[in-house]
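Below is one structure; the comments refer to it alone.
Residue numbers (this note's numbering): 6 to 82.
As structure tokens, this is what we get:
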């Protein structure tokens, strides 16, 4: 018998977390940082995983959000 290959379903993050991702992009841009939606999703997913969560709620304060994003990104000039 041939084993059946299983693969994880991809999350439609634009539907589930679109507002959070858009906020990351928006608040970063307002402070002079350029981050794509895909990178914003990856960053928040990594941060959430580090807290043993599927998707962490974002802080209310925009500065706190940007500071968290900066902890999980490399900067290129």
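We treat Cβ as the ideally placed atom computed from N, Cα and C, and that holds for glycine. Every value quoted in this text rests on a predicted model; they were computed, and no experiment measured them.
- Message: Could you give the first and the last residue of the continuous alpha helix (DSSP H) run that contains residue 23?
- Response: 23 to 35
- Task: Please state if the CB of residue 21 and the CB of residue 60 are separated by a distance shorter than 9 angstroms.
- Result: yes
- What are the boundary residues of the alpha helix (DSSP H) that includes residue 51? 42 to 55
- Mapping DSSP to helix, strand and coil, what is residue 39? coil
- Item | Euclidean distance between Cα positions of residue 72 and residue 35 | 13 angstroms
- Helix, strand or coil: which one does DSSP assign to residue 65? coil
- Message: Closest to residue 76 by C-alpha separation, out of 45, 62, 57, would be which residue?
- Response: 45
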